[in-house]
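Below is one structure, written out as structure tokens; the observations come after it.
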Amino acid sequence: MTRKVSDYEKERLENIKKNQEMLVALDLVPFGSPTRQRKITTQNSQREDNNTSNNDSEWTVVEGGRGPRAASTKRRRATVSSIMVPSRRSKRLRGESAEPTTAAEERVVETGDVSEFLATGDAYFAKEALASAIRVTGHYAGWVERGVMERLGIQGNAADAWETEGGGKFSFKDPLGTGKPLKKQRGVTPGGQSVAKYVASKLLRKNPNAYFYRHTEPGVEQWTGDWTDEERDVFLRVARELGCGDKWGLFSTHLPHRVGYQCSNYYRQYVIPAGWIVDDNYRLDSTGHAVYVGKHKRTG
Numbered sequence: 002m003t004r005k006v007s008d009y010e011k012e013r014l015e016n017i018k019k020n021q022e023m024l025v026a027l028d029l030v031p032f033g034s035p036t037r038q039r040k041i042t043t044q045n046s047q048r049e050d051n052n053t054s055n056n057d058s059e060w061t062v063v064e065g066g067r068g069p070r071a072a073s074t075k076r077r078r079a080t081v082s083s084i085m086v087p088s089r090r091s092k093r094l095r096g097e098s099a100e101p102t103t104a105a106e107e108r109v110v111e112t113g114d115v116s117e118f119l120a121t122g123d124a125y126f127a128k129e130a131l132a133s134a135i136r137v138t139g140h141y142a143g144w145v146e147r148g149v150m151e152r153l154g155i156q157g158n159a160a161d162a163w164e165t166e167g168g169g170k171f172s173f174k175d176p177l178g179t180g181k182p183l184k185k186q187r188g189v190t191p192g193g194q195s196v197a198k199y200v201a202s203k204l205l206r207k208n209p210n211a212y213f214y215r216h217t218e219p220g221v222e223q224w225t226g227d228w229t230d231e232e233r234d235v236f237l238r239v240a241r242e243l244g245c246g247d248k249w250g251l252f253s254t255h256l257p258h259r260v261g262y263q264c265s266n267y268y269r270q271y272v273i274p275a276g277w278i279v280d281d282n283y284r285l286d287s288t289g290h291a292v293y294v295g296k297h298k299r300t301g
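Note that my numbering has the sequence shown beginning at 2, numbered continuously upward.
Here it is in structure tokens:
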């Protein structure tokens with residue numbers, strides 16, 4: 002059976018031709034020396050027609066795959082067009098010497114410290130933004146939010162909380178202070194929860210920072226997703242009054258529906274890049290992402 006070329010197919014072929022012409026006009030497919038050119042052969046799907054114009058051109062479809070073609074059917078010939086492909090332009094492939102490394106780059110190779118390629122908040126942000134920014138040292142100076150502390154019967158400071166709830170020597174192998182190393186094999190925690198979350202759930206009154214880093218107050222829903230304007234305002238108010246940058250579990254008790262690791266992520270991904278808080282433990286790269294350059298110190 003025979004059918005005419007559809008309007009859609011005609012338009013597609015015209016667009017292909019226009020795109021090729023545009024690439025050449027923009028010098029995106031340059032004609033260089035013959036040694037730097039590769040030819041790509043492409044099928045031109047227009048049917049040869051000696052008697053009619055393009056508007057009357059027809060395609061021939063043969064039923065049955067490789068069956069014999071009718072005597073009146075003309076076989077379409079594929080024409081080959083040459084498209085010039087840009088050649089590589091790296092200095093190495095051109096046989097040219099690479100730019101010499103700078104002293105700063107050599108220091109990075111030696112020390113692994115990239116901080117000199119990053120900007121401080123004072124250097125990155127405009128003076129107008131810095132005028133209203135909150136400045137912190139990277140440390141939270143508070144304790145559990147008072148209302149939470151009273152509702153849950155938590156002691157007034159870290160030392161009393163630890164000793165009142167059984168004491169013991171803290172270590173990362175024995176975070177509960179029981180004197181027995183914690184087993185970390187799979188299947189030893191109830192409900193299949195992670196060991197870290199299970200341990201945190203046992204430390205509500207003994208080590209509130211560890212508990213609230215992964216849990217909200219019992220009975221309070223944990224929110225996910227975007228932070229509200231009200232939450233942002235509370236975050237900045239607490240940072241202004243008590244500082245921030247560590248002890249995120251304790252910090253999060255001021256934000257009922259968020260846990261410590263959410264506050265930490267929000268700080269690094271939104272607060273610092275927005276210039277709301279300036280913390281010298283962070284630098285900003287050329288794209289505005291915050292990079293921690295301070296000393297990693299574990300604090301209770």
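Backbone N, C-alpha and C fix where the C-beta goes; we use that ideal spot for every residue, glycine too.
Nearest-angstrom Cα distance between residue i and residue j?
i	j	result
Ala26	Thr103	39 Å
Val145	Lys128	35 Å
Val63	Lys18	Summary for Val63: the model assigns pLDDT 42, below 50, so the residue's position carries little reliability, and this model does not support an answer.
Gly261	Val115	28 Å
Phe126	Glu15	50 Å
Cys245	Gln156	21 Å
Tyr199	Thr165	21 Å
Tyr293	Trp228	22 Å
Asn20	Glu10	15 Å
Ala142	Ser287	32 Å
Thr225	Asp247	21 Å
Arg147	Asn158	11 Å
Pro209	Glu107	45 Å
Spell out whether any CB of chain B is found under 8 Å from the CB atom of residue i.
i	result
Ala275	The chain labelled as chain B is not found in the depicted structure, where only one protein chain is given.
Please classify residue i: does DSSP put it in a helix, a strand, or coil?
i	result
Val272	helix
Lys5	strand
Leu285	strand
Asp280	strand
Ala99	coil
Glu232	helix
Cys264	helix
Trp224	coil
His255	helix
Thr217	coil
Asn208	coil
Leu27	coil
Taking DSSP's pairing of strands, which residues face residue i in a bridge?
i	result
Val292	Arg284
Ala120	Leu285
Pull up the CB-CB distance for residue i and residue j, whole angstroms please, since I reckon it's below 8 Å.
i	j	result
Ser265	Trp277	That pair is no contact at about 15 Å.
Gly167	Gly178	6 Å
Phe213	Leu251	7 Å
Thr121	Arg241	Not confirmed; about 20 Å, so no contact.
Asp280	Gly169	Between Gly169 and Asp280 the Cβ distance is about 34 Å, and since that is not below 8 Å, they are no contact.
Whole beta strand (DSSP E) elements within the stretch 127-181, 3-residue minimum | 135-137
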